[in-house]
Amino acid sequence: MIRALILGGTADANMLAAQIARAGIAAVYSYGGRTAAPAEQPLPTRIGGFGGVSGLADYLRSEGITHVIDATHPFAAEMSRNAIAACTQTATPLLALERAPWGKTSGDRWIEVADVVSAVAALPDSRANVFLAIGRQHIAPFGARPQHAYTLRFVDPPGETLPLPGADVIVSRGPFTFESELEMMRTRAIEWIVARNSGGTGARAKIDAARALGLPVVMITRPHLPDRPRVESVSDVMEWLGHRTCLGA
Ligand code: 3Y8
Ligand code: NAP
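Going letter by letter, the sequence shown gives residues 1 to 249 in the working numbering.
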């Protein structure tokens with residue numbers, strides 16, 4: 001009898017949850033608790049950390065979890081590493097549902113960097129209008145370049161004072177459209193974009209809009225993760241769970 005744990009928090013995880021619920025497979029959807037009102041899921045849902053590797057291992061045992069699908073975001077590296085360790089400790093089958101990184105296409109003006117600090121260094125010295133599309137957790141390092149006019153985008157309104165005084169905050173949870181990204185960049189005369197190579201469709205629109213406007217994108221590449229079984233489609237996950245989905249699902 002399958003009882004799956006979905007480590008969620010992404011559009012892909014949400015599509016998987018819908019398929020799993022439709023197939024009548026017993027499962028739990030897990031959020032880290034990063035946002036005030038995460039999207040509802042058609043499955044029993046838990047919110048918050050497990051308490052590190054040992055907390056997750058205890059959870060797997062006490063809840064009788066038979067399969068873990070890591071459908072977290074490619075930058076949720078700590079969660080993914082913990083899942084590998086806890087599933088190894090408890091001999092629980094683990095599969096990652098992870099979308100491929102975005103590839104650079106002709107017309108893209110990307111400056112690829114390894115991390116946030118390198119992204120800060122990649123910005124010009126002279127003042128520019130910079131759109132930081134990397135959420136709220138990693139904006140403090142940009143304080144080293146206070147000369148720029150920053151536009152930030154958060155899922156929830158900023159509670160505390162920002163580490164970037166004077167920055168303008170857009171509150172929006174996405175997914176975003178090409179037209180709305182184009183409009184936003186034109187209205188704010190954006191000259192530079194900083195993004196993470198999230199992959200997937202939910203945040204791709206800004207990359208396409210930047211290309212259309214000929215704007216440079218400082219693209220932060222993904223953290224490296226230890227090897228684990230990995231698929232890119234919901235139907236592959238369903239097959240792994242022993243369920244064939246109808247074509248085109
Ligand atoms: C809590 C669940 C859906 C899923 C929406 C995807 C698409 C929009 C792209 C930009 C980039 C960013 C950010 C982003 C994307 C989708 C998807 C995706 C980037 C929600 C969600 C949770 C989170 C957490 C949040 C982080 C933040 C990152 C905003 C829900 C909406 C910037 C990542 O305030 C905070 O502390 C927010 C933290 C982690 C990164 C950061 O460091 O700030 N996601 N995002 C999940 C949990 O608690 O477990 O609230 O419903 C999910 C989505 N985020 O279709 O509804 O890729 O699947 N999320 C990045 O790419 O850099 C936005 O603005 O262009
Ligand atoms: P992270 O840094 O890899 O994880 C930090 C800690 O948060 C984990 O060790 C775990 O705490 C807890 N956690 C993270 N995801 C969890 C989940 N789905 N269920 C239960 N606990 C979770 O994670 P993050 O980058 O902050 O991402 C948090 C969530 O936002 C994830 O669900 C991710 O899919 C989603 N998200 C992240 C990004 C991003 O850019 N990072 C983008 C879109 C969506 P314990 O150690 O206590 O178990």
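Yeah, the Cβ is synthetic: ideal placement off N, Cα and C, and Gly gets one too. The structure presented is a predicted model; accordingly, all values stated were derived computationally and were not measured.
When DSSP labels each residue in this structure, what does residue i get in the three-state scheme?
i: D70; result: strand
i: W102; result: coil
i: P216; result: strand
i: A4; result: strand
i: G248; result: Reliability fails at G248, whose pLDDT of 49 lies under 50, so the model's placement of it is uncertain and no value is given.
i: D115; result: coil
i: G200; result: coil
i: T161; result: coil
i: T187; result: helix
i: D12; result: helix
i: Q19; result: helix
i: S126; result: coil
i: R61; result: helix
i: T88; result: helix
i: D236; result: helix
i: D156; result: coil
i: L241; result: coil
Is residue i near the ligand NAP - that is, is its Cβ less than 7 Å away from at least one heavy atom of it?
i: S235; result: no
i: N129; result: no
i: H73; result: yes
i: S118; result: no
i: G103; result: no
i: F50; result: yes
Pick out whichever of the options has its Cα sitting closest to the Cα of residue i.
i: T259; options: A85, P226 and A17; result: Summary: the structure shown does not reach residue 259, with the chain confined to residues 1 through 249, and so no result is reported for it.
i: G143; options: L162, N82 and F154; result: L162
i: T10; options: G64, L213 and R173; result: R173
i: P141; options: R230, S118, F131 and P124; result: S118
i: Q147; options: R211, V120, T35 and M79; result: V120
i: L123; options: G33, A149 and P101; result: A149
i: S126; options: P158, M1, E191 and M184; result: E191
i: L225; options: I84, V218 and P175; result: I84
i: T92; options: M79, V68, E40 and P101; result: V68
i: R22; options: D156, L215, P42 and D168; result: P42
i: L241; options: I20, M15, G8 and M219; result: I20
i: S30; options: G48, A37, G24 and A36; result: G48
i: T66; options: I25, G33 and I134; result: I25
i: A204; options: V113, T187, R188 and L182; result: The question names Ala, but residue 204 in the sequence shown is Arg. Checking every option, the nearest Cα to that of R204 belongs to L182.
i: A79; options: V155, G202 and G33; result: Correcting the residue type first, residue 79 is Met in the shown sequence and not Ala. For the residues V155, G202 and G33, the minimum Cα distance to M79 belongs to G33.
i: A195; options: A210, R188, M238 and L5; result: A210
i: L95; options: G107, R81, W110 and D70; result: D70
i: R3; options: E63, E40 and G51; result: E63
i: T105; options: T177, V217 and T187; result: V217
Per the DSSP calculation, residue i is bridged to which residue(s)?
i: D168; result: T151
i: W110; result: V217
i: I47; result: Y31
i: F131; result: T151 and I193
i: I139; result: In DSSP, I139 forms no bridge with anything.
i: L94; result: V68
i: A250; result: Residue 250 lies beyond the range of the chain shown here (1 to 249); nothing can be said about it.
i: V250; result: No answer is possible for residue 250: the residues shown for the chain start at 1 and end at 249.
Would you say the beta carbon of residue i is closer than 7 Å to some non-hydrogen atom of the ligand 3Y8?
i: S80; result: no
i: I134; result: yes
i: K206; result: yes
i: Y29; result: no
i: R188; result: no
i: S62; result: no
i: V155; result: yes
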